[in-house]
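**Q** Take a look at the following structure, please.
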Amino acid sequence: MSDAPIRPEGGRHHVVIIGSGFGGLFAAKDLKNADVDITLIDRTNHHLFQPLLYQVATGILSAGEIAPSIRQVLSGQDNLNVVKGEVVDINIDTKRVTTQLDDISRNYEYDSLIIAAGASQSYFGNDHFAQHAPGMKSIDDALGLRARIVEAFERAEITEDPAERERLLTFVVVGAGPTGVELAGQLAEMAHRTLAGEYTNFNPSAAKIILLDGAPQVLPPFGKRLGRNAQRQLEKLGVTVKLNALVTNVDENAVTYKSTLDDSEHTIEAFCKIWSAGVQASPLGKMVADQAGVEVDRAGRVLVNNDLSLGEHRNIFVLGDMIALKGLPGVAQTAIQGGEYVAELIAEEVEGRSIEEREDFDYFDKGSMATVSRFSAVVKMGNVEVTGFIGWILWLGVHVMFLVGFRNRLISALNWGLNALSPKRYNLATTREQLLARTALARVAEVDQIAADAPIDIARQLKAKVAKKK
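For the record, in the sequence shown the residue sitting at position 236 is 236 according to UniProt numbering, with numbers rising by one throughout.
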C-alpha cells in the first residue's frame, strides 16, 4: 500500500471524480479545457448506459454497444487520468480518496471532489431476495440474466415433467417501473416471436410472463393515462400484470406476494425471477454525509445544497442517483445536467469567481419514456403525452442520441431496425460461467468472510475447497 497522497505534478487544481456514469463522464468532458487536472476513478473500465441493460439481457444489443471503454471515450483529453479501483474510503478533512484494486491501495488528494457513484438495487430490507431475484445494474447482471433466460427454455426442452416445464417457463418481474415494463415486454416478444418454432418438445409461447408491483398502476411517474396504456399493451403481448402485490418472499423455486387489497397471499412457482423494484444510492453518499453532518434519506440519497455541494464543504459535489433535492428524478438527465453544471462551477472558480456567486442548480425536465415493445412506447414531456408508434420513434431517437460513440449509435440503430423487421436476435449467446458466476462469487465472498475470522490453516483449507468446486 502507498500511504503518500497522489496528485498530478504541476500544482494545478486537482478534481477527483468518482464514477464514470453520465454525471462523472459529462463533468470530465466539460472540464477538458479548464485549468485543472482530473482523476476519474471507477470500479469498472467502462461507461455504462444503464437504461438499456434489459436489451443486453434479452439479446437485442451486445454489451459493448452500451458500455464503451472509458479510456477510449475520453482519449485525447490531456488533463485527465483514468484509474480503475474500488473507492473504499473518503476523508473529507484530509481531502483524500482511498482506492483498492486487488491488493493495491492508493490515496488521491483532491481540491474538488465529484461523487457520481450511482445506485444499486434496493430490496427494501430483504437483501436475501437478491440471491434468487437479481437486479440489473451492471453488465454482469445483464449477461447473467440472459444466461438464465436462455437456460430456462433449454431446460424446458429436455424435461419430461410437465409441472417442472411450467415452472421453467414462468418468468416473474418484480417492479412495474420503466425497467420492469420494458423487460416484461421483451420477454413476451422473445417467447411469442423470437423463439417461435425453435424448440421441438414445447411451444415457447406457453411461457408465462408475470409483472408484479405493489402500486395500483403501471409506471406511476407517467400518470394514470400512460400507465393504463402501457398495461394494455403488455396484456396484448401476453404479460400478466398483477398490481397491489407486495412481494413477501423469494426463494429458489418461487415468489410469494400479498395483495394489499385483501391481504391474501399467493405463490408463483418460477425458475427465473428478476427484481426491478427500487434503488439504493451508493454507500459513499452516506460515508461523506456522516462526516459532514448532513442527512440522507431512506434510499441513501444525500440532502445536498442547491448548488449540489455537501453541507459546508462547498468543494464536494454529489450527483445523479445519489442526491435528494427538490424531488429530482434519478434519471440520466439529472446526472448529465448536474455534471455539466458542477464542471462549469469548478472551471469558473478556478479562474477566480467567488463561491458566493454560485447560482442554484436549475434542472430542465426533458421528459420520461419507456418502450413496451417494438412499435409501441409511452412518452411524457411536460403536459404532452405520446403513445404507440410515434412514441416508439421518439424513444429510438433519444436513445440513439444518448449512446456514446458513433459506432455504438450506428450498430444499435441497425440492431433495432433488424429487430423490428426480423424475429431473430443476434446476441443470445450464453456461457456456463455467466449462468453460475453470481452464485460462485457469492460463495467466494462468504468463504472470504469466514476466512477473515479463521486461523490461517483453516482459511487455506476453505479456499482450496471452494477452488475445487469451481
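Glycine is no exception: its CB is placed at the ideal position from the N, C-alpha and C atoms.
Since the model is a prediction, treat every value here as computed from it, not as a measurement.
Among all the DSSP beta bridges, which residues are the ones paired with S309?
**A** DSSP output for S309 lists F317 as bridge partner(s).
**Q** Helix, strand or coil for D93? Go by DSSP, reduced to three states.
**A** DSSP places D93 in coil when its eight states are reduced to three.
**Q** With DSSP collapsed to three states, give me the class of P68.
**A** Three-state DSSP puts P68 in coil, outside helix and strand.
**Q** Identify, in the order they occur along the chain, each residue of the same chain with its Cβ nearer than 6 angstroms to the Cβ of S89, setting aside the five sequence neighbours on each side.
**A** As written in the sequence, residue 89 is Asp, which differs from the Ser given in the question. Contacts found: T98.
**Q** So who's on the other strand from V279, going by DSSP bridges?
**A** V279 is bridged to Q121.
**Q** To which residues of the same chain is M1 closer than 7 angstroms at the C-beta, ignoring the five residues directly before and after it?
**A** Unreliable positioning characterises M1 in this predicted model, as indicated by a pLDDT of 48, which lies under 50. The coordinate reading is nonetheless provided below. Excluding residues within five positions, the ones whose Cβ falls inside 7 angstroms are S105.
**Q** Q100 to L284, Cα distance in whole Å?
**A** Taking the straight line from one Cα to the other gives about 14 angstroms.
**Q** Mind listing, in chain order, the continuous beta strand (DSSP E) runs of no fewer than 3 residues lying wholly within the stretch 126-202?
**A** 170-174, all fully within the stretch 126-202.
**Q** In terms of alpha-carbon separation, which member of E340, P51, Y426 lies closest to L403?
**A** Of the listed residues, the one whose Cα sits closest to L403 is P51.
**Q** Going by DSSP, which residues form a beta bridge with Y108?
**A** For Y108, which the question treats as bridged, DSSP gives the partners I6, V97.
**Q** Mind checking which residues open and close the beta strand (DSSP E) that includes M401?
**A** Taken as a continuous stretch (DSSP letters only), M401 belongs to no beta strand (DSSP E), being part of the alpha helix (DSSP H) at 388-402.
**Q** Going by the DSSP bridge assignment, what does L40 pair with across the sheet?
**A** L40 is bridged to I17, V82.
**Q** Is V16 closer than 8 angstroms to I346 when the C-beta atoms are compared?
**A** Their beta carbons are not under 8 angstroms apart, which means I346 does not touch V16 by this criterion.
**Q** Express the C-alpha separation of G24 and G339 in angstroms, rounding to a whole number.
**A** Their Cα atoms are separated by approximately 6 angstroms.
**Q** When you compare the CB positions of M369 and V379, do they come within less than 8 angstroms of one another, or not?
**A** Cβ distance < 8 angstroms, so M369 and V379 count as in contact.
**Q** If you run the structure through DSSP and keep just helix, strand and coil, what is E340?
**A** It is helical.
**Q** Measuring straight from C-alpha to C-alpha, what distance separates A28 and Q131?
**A** So the alpha carbons of these two residues sit roughly 35 angstroms apart.
**Q** Given this structure, state the Cα-to-Cα distance separating A84 from K236, to the nearest angstrom.
**A** The question names Ala, but residue 84 in the sequence shown is Lys. Whole-angstrom Cα-Cα distance: 45 angstroms.
**Q** For D360 versus N306, is the C-beta distance shorter than 8 angstroms?
**A** Yes, the Cβ-Cβ distance between D360 and N306 is below 8 angstroms.
**Q** Specify, as a first and last residue, the run of the alpha helix (DSSP H) that Y54 falls within.
**A** Here the alpha helix (DSSP H) through Y54 covers 53-57.
**Q** So who's on the other strand from K242, going by DSSP bridges?
**A** According to DSSP, which records beta bridges pairwise, K242 is partnered with L212.
**Q** Can the beta-carbon of E269 be found less than 8 angstroms from the beta-carbon of N249?
**A** No; because the gap between Cβ atoms is not below 8 angstroms, this pair is not in contact.
**Q** Distance, Cα to Cα, D161 vs A152?
**A** Their Cα atoms are separated by approximately 14 angstroms.
**Q** If you run the structure through DSSP and keep just helix, strand and coil, what is K224?
**A** In this structure, K224 counts as helix in the three-state DSSP scheme.
**Q** Could you name the residues of the same chain whose beta carbon sits closer than 8 angstroms to that of F202, not counting the 5 residues immediately before and after it, in chain order?
**A** A156, E157, R165, L169.
**Q** Starting from the Cα of A116, find the closest Cα among L145, Y123, I323 and give me that residue.
**A** With distances taken between Cα atoms, A116 lies closest to I323.
**Q** Please state the DSSP three-state secondary structure of V264.
**A** Before going further, note that residue 264 is Ser rather than Val in the sequence given. The answer is coil: DSSP assigns S264 none of H, G, I, E or B.
**Q** With distances taken from CA atoms, which of D141, P220, P178, E312 is nearest A437?
**A** Nearest of D141, P220, P178, E312 to A437, Cα basis: D141.
**Q** Which residue comes first and which comes last in the alpha helix (DSSP H) that contains A116?
**A** No alpha helix (DSSP H) contains A116, which DSSP labels as neither H nor E.
**Q** Which residue wins for smallest C-alpha separation from S354, given the options E198, T44, E344?
**A** Among E198, T44, E344, the Cα nearest to that of S354 is on E344.
**Q** Output the distance between the C-alpha atoms of G10 and F26, rounded to the nearest integer angstrom.
**A** Each residue's alpha carbon lies about 24 angstroms from the other.
**Q** Skipping 5 residues on each side, what residues in its chain have a beta carbon closer than 8 angstroms to that of S122?
**A** Only A277, G278, V279, Q280, A299 meet the Cβ criterion.
**Q** Can you check DSSP and say which residues form a bridge with V302?
**A** Answer is V296, I323.
**Q** Can you give me the Cβ contacts of R43 inside the same chain, cut-off strictly under 6 angstroms, excluding the 5 residues immediately before and after it?
**A** Counting only Cβ-Cβ distances below 6 angstroms, and skipping sequence neighbours, we find E86.
**Q** By DSSP, does K32 sit in helix, in strand, or in coil?
**A** Looking at K32 - three-state DSSP - the assignment turns out to be coil, as it is neither helix nor strand.
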